[in-house]
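Counting in the numbering used here, the sequence shown runs from 26 upward without gaps. Ideal placement from N, C-alpha and C gives every residue a C-beta, glycine not left out. These numbers come from a predicted model, not from an experiment. Inspection log for the structure reproduced underneath, given as structure tokens.
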Amino acid sequence: MPGLIERYRDRLPFAPDDPVVSLQEGSTPLVPAPQLGARVGADVWLKIEGANPTGSFKDGGMTCAVSDAVRNGAEAVLCASTGNTAASLAAYAARAGLRGAVIVPEGKIATGKLAQALMHGARVIALRGNFDVALKLVREVCERQPIALVNSVNPFRVEGQKTASFEIVDELGPGHPIDALCIPVGNAGNITAYWKGFQEVGHAPQMLGFQAAGAAPLVEGRVVEHPETIASAIRIGNPARWEEAMAAMTASHGMVRAVSDAEILDAYKYLASVEGVFCEPASASGVAGLLKYGAPEGVSRIVCVLTGHGLKDPQTALMHAGSVVPCEPDLGAVEQAVLG
Ligand code: F0G
Numbered sequence: 026m027p028g029l030i031e032r033y034r035d036r037l038p039f040a041p042d043d044p045v046v047s048l049q050e051g052s053t054p055l056v057p058a059p060q061l062g063a064r065v066g067a068d069v070w071l072k073i074e075g076a077n078p079t080g081s082f083k084d085g086g087m088t089c090a091v092s093d094a095v096r097n098g099a100e101a102v103l104c105a106s107t108g109n110t111a112a113s114l115a116a117y118a119a120r121a122g123l124r125g126a127v128i129v130p131e132g133k134i135a136t137g138k139l140a141q142a143l144m145h146g147a148r149v150i151a152l153r154g155n156f157d158v159a160l161k162l163v164r165e166v167c168e169r170q171p172i173a174l175v176n177s178v179n180p181f182r183v184e185g186q187k188t189a190s191f192e193i194v195d196e197l198g199p200g201h202p203i204d205a206l207c208i209p210v211g212n213a214g215n216i217t218a219y220w221k222g223f224q225e226v227g228h229a230p231q232m233l234g235f236q237a238a239g240a241a242p243l244v245e246g247r248v249v250e251h252p253e254t255i256a257s258a259i260r261i262g263n264p265a266r267w268e269e270a271m272a273a274m275t276a277s278h279g280m281v282r283a284v285s286d287a288e289i290l291d292a293y294k295y296l297a298s299v300e301g302v303f304c305e306p307a308s309a310s311g312v313a314g315l316l317k318y319g320a321p322e323g324v325s326r327i328v329c330v331l332t333g334h335g336l337k338d339p340q341t342a343l344m345h346a347g348s349v350v351p352c353e354p355d356l357g358a359v360e361q362a363v364l365g
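Below, the structure is given as structure tokens:
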């Protein structure tokens, strides 16, 4: 499959001669989840966005945001990030030959994401403040300096990410629309993008957004000053696309609800050990919500968006997985260890 700008150019704001910065993102697998489906009594599918080049859905938006930055003659790109946007920015900036800088909350991003941002050569700035503070600051910097802001406040991010909805409809067939989409909500760009995409192809599944209980501003209806959750990717207290996300949930007869860290971890382990799909903790919050609240009345076909790969955050995985079995190098011991 080509990258997503090439695949969906007729529905994206790019002309045939525009520069395209791509790592062949998009076209991610839509995998049936029979065990999960049986538990909730619905036909459930997993949209594996961790299969993107840098391991998260951010690549879908970043190919568009960075291509637009190149088209505009930008020399540098900047974002605030809980980690995945930073990794994606760094890769696409490297690919485009642009300077990239990312501002992340100090000590609060998963190891894999930090490794990616550094390896791709971005300037990684560890802020003594949370994501919301970082986003406010990068917006101000980009007003003062000739630097392109590529957070999801940039409309090209939403344009790129909306194509995930096209993929779902193309994959399942336009005659078999889905009834609901379960999706984690942090800065609220992705749910905004999915809804835009569905609307453009005439579908209106219920948008079911889920936030971590310690970082649930949309659920509580107020800014959370000190958001806290094990799902570091969605540790956000003041989402930039707050109104659009609420509008999407209202218009689609969906809702936004909270899941606890314990429920997120249960879903995270369940997906890995039962469905064979390893996503990062934040990504599991949609499934946690589906398990907690059940499939809404009359909903028979559901897609859960798994936004990032499990390998992004090996530390959380190791803290919550089983332990390794030590073994002496002789046949008897090995047999015993294997048979348990
Ligand atoms: N899942 C993962 C794995 C994420 O990294 C994010 C956001 C979300 C869900 C929520 O998506 O913000 O569009 O509502 N990560 C951003 C980042 C904030 O900086 O990587 P959203």
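- In the three-state reduction of the DSSP assignment, ARG182 falls in the helix class.
- Take PHE181, set aside five residues on each side of it, and the residues of its chain with a beta-carbon closer than 6 Å to its own are CYS89, ALA90 and ASP93, in chain order.
- In its chain, beyond the 5 residues on either side, PRO209, ALA256, ALA258 and ILE259 have a beta carbon closer than 6 Å to the beta carbon of ALA307.
- Excluding five sequence positions before and after TYR117, the CB atoms of its chain that fall closer than 6 Å to its own CB belong to VAL46, MET87 and VAL91, given in chain order.
- Boundaries for PHE156: no beta strand (DSSP E) harbours it, while the alpha helix (DSSP H) harbouring it runs 156-169, taken from the DSSP string.
- In the three-state reduction of the DSSP assignment, GLY198 falls in the coil class, being assigned neither a helical nor a strand state.
- Rounded to whole angstroms, the gap between the alpha carbons of GLN340 and ARG169 is 38 Å.
- Distances from the CA of LYS138 to each of LYS337, GLY62 and GLU50 were compared; the closest alpha carbon is that of LYS337.
- Every alpha helix (DSSP H) of 4 residues or more that sits fully in the stretch 48-97 is shown, in chain order, as 59-65 and 83-96.
- Secondary-structure assignment with DSSP links LEU233 through a beta bridge to CYS207 and MET280.
- Taking the Cα positions, VAL194 is about 29 Å away from GLU288.
- ALA258 has its CB nearer than 7 Å to a heavy atom of the ligand F0G.
- At a cut-off of 7 Å, the beta-carbon of ASN215 counts as near the ligand F0G: some heavy atom of the ligand is closer than that.
- For the 8 Å CB-CB criterion, SER52 and ARG34 do not form a contact.
- In this structure GLY80 is buried. Its beta-carbon is surrounded by 16 or more other beta-carbon atoms within 10 angstroms.
- Comparing alpha-carbon positions, the option among ALA342, PHE303, LEU343 and ALA292 lying closest to TYR318 turns out to be ALA292.
- Here PHE39 has ILE30 as same chain residues with Cβ atoms under 6 Å from its own Cβ, once five neighbours each way along the sequence are excluded.
- Per DSSP, the unbroken beta strand (DSSP E) holding ARG148 starts and ends at 148-152.
- GLU184 is a Cβ neighbour of LEU37, given a cutoff of 8 Å.
- Pairing VAL166 with LEU174, the inter-Cα distance amounts to about 9 Å.
- Per the coordinates, the alpha-carbon of PRO252 lies some 12 Å from the alpha-carbon of LYS133.
- In terms of Cα proximity to ALA237, the closest of ALA229, ILE261 and LEU331 is ILE261.
- Contact annotation: ASN77 and GLU100 have beta-carbon atoms that are not nearer than 8 Å.
- VAL330: not part of any alpha helix (DSSP H); member of the beta strand (DSSP E) spanning 326-331, first to last residue.
- Judged by beta-carbon spacing, ALA135 lies within the 8 Å limit of GLY108, meaning their Cβ atoms are closer than that value.
- Distances from the CB of ILE261 to the heavy atoms of the ligand F0G include at least one below 7 Å.
- Where ILE289 is concerned, the enclosing alpha helix (DSSP H) starts and stops at 286-295.
- Taken atom to atom, the span from the alpha-carbon of LEU206 to that of THR275 is near 14 Å.
- For GLY222, the enclosing alpha helix (DSSP H) covers residues 214-225.
- The alpha-carbon of VAL312 is positioned some 6 Å away from that of CYS329.
- Counted as a single uninterrupted DSSP element, the beta strand (DSSP E) harbouring ILE128 occupies residues 124-130.
- Distances from the alpha-carbon of PRO54 to those of GLY333, GLY62 and ALA358 put GLY333 closest.
- Residue burial annotation: ASN212 is buried, with at least 16 other C-beta atoms found within 10 angstroms of its C-beta.
- In the three-state reduction of the DSSP assignment, ALA111 falls in the helix class.
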